[in-house]
Structures are given as structure tokens and as C-alpha cells.
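Residue 94 in full-length UniProt numbering sits at position 94 of the sequence shown, and the numbers go up by one each step.
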Amino acid sequence: MNVKELIMKYALINAISHKGKANPKAVIGKVLGENPELRPKAKEIIPLVNQIVEQVNGMGIEEQEAKLKEIYPEFFETKKEKKEEKTGLPPLPNAEKGKVVARFAPNPDGALHLGNARAAILSHEYARIYGGKFILRFDDTDPKVKRPEPKFYDWIIEDLKWLGFQIDEIHIASDRIEIYYNYAEELIRMGKAYVCTCRPEEFRKLRDEGKACPHREEPVEVQLERWRKMLNGEYKEGEAVVRIKTDLSHPNPAVRDWPALRIIDNPNHPRTGNKYRVWPLYNFASAIDDHELGVTHIFRGQEHAENETRQRYVYDYFGWEYPVTVHHGRLSIEGVILSKSKTRKGIEDGKYLGWDDPRLGTIRALKRRGIRPEAIRELIIEVGLKRSDTTVSWNNLAAINRRIIEPIANRHFFVADPIPMYIEGYGEEFVAEIPLHPDHPERGVRRLKFKPKKPVYVSKDDMNLLKPGNFIRLKDLFNVEIVEVSEEGIKARFHSIDYEVARENRWRMIHWVTEGKPCEVLVPQGDELITRKGLLEADADVKVDDIVQFERFGFVRIDEVTPEKVVAIFAHK
Numbered sequence: 001m002n003v004k005e006l007i008m009k010y011a012l013i014n015a016i017s018h019k020g021k022a023n024p025k026a027v028i029g030k031v032l033g034e035n036p037e038l039r040p041k042a043k044e045i046i047p048l049v050n051q052i053v054e055q056v057n058g059m060g061i062e063e064q065e066a067k068l069k070e071i072y073p074e075f076f077e078t079k080k081e082k083k084e085e086k087t088g089l090p091p092l093p094n095a096e097k098g099k100v101v102a103r104f105a106p107n108p109d110g111a112l113h114l115g116n117a118r119a120a121i122l123s124h125e126y127a128r129i130y131g132g133k134f135i136l137r138f139d140d141t142d143p144k145v146k147r148p149e150p151k152f153y154d155w156i157i158e159d160l161k162w163l164g165f166q167i168d169e170i171h172i173a174s175d176r177i178e179i180y181y182n183y184a185e186e187l188i189r190m191g192k193a194y195v196c197t198c199r200p201e202e203f204r205k206l207r208d209e210g211k212a213c214p215h216r217e218e219p220v221e222v223q224l225e226r227w228r229k230m231l232n233g234e235y236k237e238g239e240a241v242v243r244i245k246t247d248l249s250h251p252n253p254a255v256r257d258w259p260a261l262r263i264i265d266n267p268n269h270p271r272t273g274n275k276y277r278v279w280p281l282y283n284f285a286s287a288i289d290d291h292e293l294g295v296t297h298i299f300r301g302q303e304h305a306e307n308e309t310r311q312r313y314v315y316d317y318f319g320w321e322y323p324v325t326v327h328h329g330r331l332s333i334e335g336v337i338l339s340k341s342k343t344r345k346g347i348e349d350g351k352y353l354g355w356d357d358p359r360l361g362t363i364r365a366l367k368r369r370g371i372r373p374e375a376i377r378e379l380i381i382e383v384g385l386k387r388s389d390t391t392v393s394w395n396n397l398a399a400i401n402r403r404i405i406e407p408i409a410n411r412h413f414f415v416a417d418p419i420p421m422y423i424e425g426y427g428e429e430f431v432a433e434i435p436l437h438p439d440h441p442e443r444g445v446r447r448l449k450f451k452p453k454k455p456v457y458v459s460k461d462d463m464n465l466l467k468p469g470n471f472i473r474l475k476d477l478f479n480v481e482i483v484e485v486s487e488e489g490i491k492a493r494f495h496s497i498d499y500e501v502a503r504e505n506r507w508r509m510i511h512w513v514t515e516g517k518p519c520e521v522l523v524p525q526g527d528e529l530i531t532r533k534g535l536l537e538a539d540a541d542v543k544v545d546d547i548v549q550f551e552r553f554g555f556v557r558i559d560e561v562t563p564e565k566v567v568a569i570f571a572h573k
């Protein structure tokens, strides 16, 4: 490899690693640092580096990659090998092949989002790594505050399957009420639980002072009688609670004699209606089911550490072995709403289009935006089991997704805010045959027709380039000189067909369409959803759910196709 090729190699690598723009100083450092024999010629090499970097920065990303594949294909093989060398998730504590049972227990009061999908993905990945079992358990025993809704049961199953999950068992807590009753009664008989009829504020005062509730040590027969009254309706909501006996001097007051079951009048539960009026709270139902279902490993957020402390009392009373618990921090994504309550309010207020609004962080929203399930799983696994809270940028997810979709996304021209350009000096019809994908000629070509005396349409985004006297390249068509810009459009003069002329003179390249079909692209920008209207290639054969690249605009997912227009949702650059 001669000096020019060597500089070109390092310039291309630097550009590809930094969004298409190479840094001359970084390239000089690489050239002289890794080839010390060239240091005596530094004065000659520096101007050459500047010249080649300028040439490289005038190329598009695809052109840069194609050139690097031509002169240094090993770069892409090395990247692939490094990716394959990633260790992935660390070994799971106390895990035996074929014996790991992991569960995911969402409340079906909202759609699955990226934050709570973390526990699901970690649970499923480890279950598969160890040849074990993955259980989906719906935690739906709060018909009052976190009220479940029928559609969310189905949506969560759909979302998990879309993410590539193999669900071995599905259990629904509200179908298991009688099981919780049996265990509650057994704990009362054992003297490990009791029925408290104190007013809530009275109990809180006693609890905070480390004092026992007056009902705590009453005879078992009295407790069982109160338990029957809870079940048969003699107590109303708020008048009686089953509590688990714990250490009244525990440093955390929330652990002291925590509530296990309470009364809800007229629950109108979506699955059981008003059949039951005594409902287990999260910690009790979860503790019982984890034992009953044979769960060996629990993946939960760091904020649930207190729940483990509470649940261990139940396990100790029954002589059960508590599952291995793996805590992780919260996961959030910059500028994206994950909160179910904020999402719900935004939908109710008309701010969001629904649970799949592309501004949101629900799995359905990410899917609608064109994010692939493999990208979501890879992101979660990359973050791993960090106990600290983690905030990832949209760019992190976009970079993973881009690598996945780039090889499969066909290319098309979309012209946003189109402006007519009238070209003089070329009197023949011309058909531009452009590959659907530059690396996959077998997929065929798209054909864009130029007709004399008919305008081509270019984007208002390129107005800074479209000034009288400027030369530009209409991508895959020919070169033109801008003659005049007015409210009616742009006048241009044909210059030449040859692409090399444009490349050597470093003329900018823009895209274009003729007789395009109306197209709208919804672009999430923070909390806003911007609509970009324009024209798509007239013969573009796109279908709903296709992920394509609108050249120079970005990757999009096709959301709607009608005879009148195409609607797409912007994913990322």
C-alpha cells in the first residue's frame, strides 16, 4: 500500500467512525504513529493528508464504505470479529443447566415499555442460556389503583412474542385468588399473620413508634373469625387488613407488619367481576406464586429491594428457599416518555395518538417507528445487570438499529417540501436506473424518468445549495448549473452527464423526483411530532411495515399506503 492509499485508508476509517467526517489531525496521528518510518517526511505528508481528508469528507457514507471495502476489506472483518467477541451477559449465580426458572410479572394496566422490558429480556435471555423455563405472570390483583385493562393482557403477550420470546407458561394472578386465600388462612393458623381492624392512621402511628397493633396477639380463633368476616362482607373497604407479622423494630418502618390482603368493595375486575372482595397485595401474591411456580431466579429493579425483605418473612414461615434475586437499576432513554401514568394522561388529553405514538418509549411505539426487536434486545443485553440507573441516548439505540436494517432497507428518493426545477439544454427523455440497494444488485432497480420541459422536484432543504452560479449533481441523473431562483421555482442549465466531473469538482449531490406520489413523514422531535410533506418516487413499491431508507433523509417505516398518499414514520438517520 503506497502513502496515498495508506492515508486514504486511515481517513476513511476515521470518517466512518465519526458520522462521515474525518479529522485531519487524527488521521495524521494515525499515519505517523503507526508508521514511524514516515515521520521524517511529515512536512510532505501533512498537506497530502489535508487534501485526501477533504476528498473523503466530500463523499457520502455509503461511498466511503464502498471505497474502504475496496482498499481495506479487513476493517469490516475486524469489526465483525470484535462484535462476536463480546461476552454478553455474565454467568448467573447459583444457576444449573436445565433448572433455571425465570418469570416476568407485569401489571396489565398499560403497554409494555423499554424500561420494564429490561426485566423481561434479562429473564428470557438467562432462561434460554441455561436451557430453563420462562414464565409470564400477570400481576393483576389491584383493581382499584393500578387497574388492569383487558387489551393490555393481549398486547403484552404480542409484544413479548414480537421481541422473539418463547413463553413457556402464562399465569394470571386474578385466576389464583383461592390459592392466596388458602395460604393466608394457613399463616393465620400458624400465628404468623393476623387481621388488623385499626384505622389506617392509628396503625401508622403505632408502626412508626415500633409498637404492636392491639389485635396482633389475639387468639387464632378470633383472627380466623375476623378473616371469615372479611370474606363474607361483614367488613367494608378499609375496615380490615391481613398483616404479616415481622420485626417491629426493623429499621425500615415499611417492613413492620406489612399488609398482605385488603378489602375492595365493588372491584368490577375485568376478569372476575365482583366475585372476590378480598384482594392480595403485590408482595403477598408475588411471594406465593414465585414459590408455587418454582421460580429460581428473579430479575427486578433496585427499587424493589424492600419487597424482597418483606417477602422473605413468608418464605421463612413456610420453610421455603427464596429465589436468587438479581437487582438492576432503572433504564431510561433520553427525551422519551416511559412512565405509564404520564403516557395515559397524555393519551387522555389528546397529546399523544395512542400507546404506539412514535414519541413514546413503549414497545409498540418503537416497533411502529421502525426499531427492530433484535436492536432492543441487544441494547438491553449491552446495558446488562448494572445496579445503577442507566440513561441511554436515542443515538445508542439508533446505531444498533441502523446496523441491523441498513443491509435490508431498500433505497428511495423522498423530496420534502418540493420545489420545481426546470432544466434547459437536455432535450431527450432519460431513465435513471438506480439499484434498490447499492450492495444487493440482485434486488433489482427503480426507474426515475426525466422528461424534457417537465420539472424535476428538489427539496426546500437544499435551498442553501441552489444559488445562481452553483453547480450540483442530481443524483444518478446528470449535472446542472443553477441559473435563477424565484417564487415560481428554479431554473437550471444542463451541464454534463459524467459523475466524475461532479466528484472531481466536489459539487454537492442532491436527490430529486418527477411526478412523485404524495408522501408524509411523521418525525418525532422531543415531545413534538412534525409532519414533513413531500413527494416519493412515483413507482416506489412500498407496503405497510416496510423499513426503507429515504436517501439523504433517513430510515423510515411505512405506516400507511392508500391511493392518495403514503405515510411513513421517521426512525433515525
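C-beta: ideal position from N, C-alpha, C; glycine also.
Problem set entry | Three CB pairs or more closer than 8 Å across the segment 166-176 and the segment 194-205 | no
Exercise. Which class does TYR126 belong to by DSSP, given the choice of helix, strand or coil?
Worked result: Helix at TYR126.
Exercise. Taking the alpha-carbon positions, what's the LEU231 to GLU217 distance?
Worked result: Approximately 21 Å, taken between the alpha carbons.
For this session: Would you mind stating whether GLY354 and ILE363 have Cβ atoms separated by less than 8 Å?
Result: The beta carbons of GLY354 and ILE363 sit no closer together than 8 Å.
For this session: Please name the residue, chosen from SER123, LEU536 and GLN55, that lies closest to THR325 on a Cα-to-Cα basis.
Result: SER123
For this session: Have a look at GLY444 and GLU158 and give me their C-alpha separation to the nearest angstrom.
Result: 34 Å
Exercise. How about VAL100 and TYR72: do their beta carbons lie closer than 8 Å?
Worked result: no
Problem set entry | DSSP state of TRP355 mapped onto helix, strand, coil | In the structure shown, the three-state DSSP call for TRP355 is coil.
For this session: Note down, in chain order, each residue of its chain lying with its Cβ closer than 6 Å to the Cβ of residue 580, except the 5 sequence neighbours on either side.
Result: For the chain, the structure presents residues 1 to 573; residue 580 sits outside this window and is missing.
Exercise. Ends of the beta strand (DSSP E) at VAL462?
Worked result: The question names Val, yet the displayed sequence has Asp at residue 462. Here ASP462 belongs to no beta strand (DSSP E), and DSSP marks it neither H nor E.
Exercise. Helix, strand or coil for ILE13 per DSSP?
Worked result: helix
For this session: Report, in whole angstroms, the separation of the C-beta atoms of PHE555 and ALA409, which I expect to be a contact under 8 Å.
Result: 6 Å
Exercise. Could you give the C-beta distance for ILE380 and LEU397, rounded to a whole number, given that I count them as a contact under 8 Å?
Worked result: About 10 Å separates the two Cβ atoms, so there is no contact after all.
For this session: Please state if the CB of ILE288 and the CB of TYR180 are separated by a distance shorter than 8 Å.
Result: yes
For this session: Starting from THR391, follow its DSSP beta bridges and name the residues at the other end.
Result: SER332
For this session: Inspect the beta-carbon positions of VAL255 and THR343 and report whether they are closer than 8 Å.
Result: no
For this session: Measure the C-alpha to C-alpha separation of ALA305 and GLU406 and round it to an integer number of angstroms.
Result: Distance between the alpha carbons of ALA305 and GLU406: 41 Å.
Exercise. Roughly how many angstroms separate the alpha carbons of THR562 and LEU529, rounded to a whole number?
Worked result: Straight-line Cα distance between these residues: approximately 21 Å.
Exercise. What span of residues does the beta strand (DSSP E) with GLU169 cover, start to end?
Worked result: 169-172
Exercise. How do the segment 521-528 and the segment 483-494 stand: do at least 3 beta-carbon pairs fall below 8 Å, yes or no?
Worked result: no
Exercise. Would a C-beta distance cut-off of 8 Å place GLU125 and LEU89 closer than the cut-off?
Worked result: yes
For this session: In the DSSP assignment, find the unbroken alpha helix (DSSP H) run with ALA432 in it and report its ends.
Result: No alpha helix (DSSP H) holds ALA432; the beta strand (DSSP E) holding it covers 430-435.
Problem set entry | Secondary structure of ASP559, DSSP reduced to three states | strand
For this session: Could you round the C-beta distance between LEU385 and HIS328 to whole angstroms and report it? I think they count as a contact, below 8 Å.
Result: 5 Å
For this session: Kindly indicate which three-state DSSP category LEU360 falls into: helix, strand or coil?
Result: strand
Exercise. What are the partner residues of THR309, as DSSP defines its beta bridges?
Worked result: DSSP lists no beta-bridge partner residue for THR309.
For this session: Quick one: which unbroken alpha helix (DSSP H) runs of 4-plus residues sit fully inside the segment 234-322? Chain order, please.
Result: Within the segment 234-322, the runs of alpha helix (DSSP H) at least 4 residues long that lie entirely inside it are, in chain order, 282-292 and 305-318.
Exercise. What are the boundary residues of the beta strand (DSSP E) that includes residue 576?
Worked result: Given that the chain is displayed from residue 1 to residue 573, the structure contains no residue 576 and the question cannot be resolved.
Problem set entry | Straight-line Cα distance separating VAL31 from GLU5 | 11 Å
Exercise. How would you label SER459, buried or exposed, when you count the other beta carbons within 10 angstroms and need 16 or more for buried?
Worked result: buried
Exercise. Taking the C-alpha atoms as reference points, what is the distance between GLY294 and GLY110?
Worked result: 27 Å
For this session: Could you tell me whether the segment 434-451 touches the segment 415-422, using the rule of 3 or more Cβ pairs below 8 Å?
Result: Short answer: they don't touch.
For this session: Report yes if the C-beta distance between ILE7 and ILE52 is below 8 Å; otherwise report no.
Result: Yes, the Cβ-Cβ distance between ILE7 and ILE52 is below 8 Å.
Problem set entry | Anticipated Cβ contact below 8 Å, ILE172 with ASP142, distance rounded | So it is not a contact: roughly 13 Å between Cβ atoms.
For this session: Put LEU529 into one of helix, strand or coil per three-state DSSP.
Result: strand
Exercise. Are the CB atoms of LYS245 and TYR194 nearer to each other than 8 Å?
Worked result: yes
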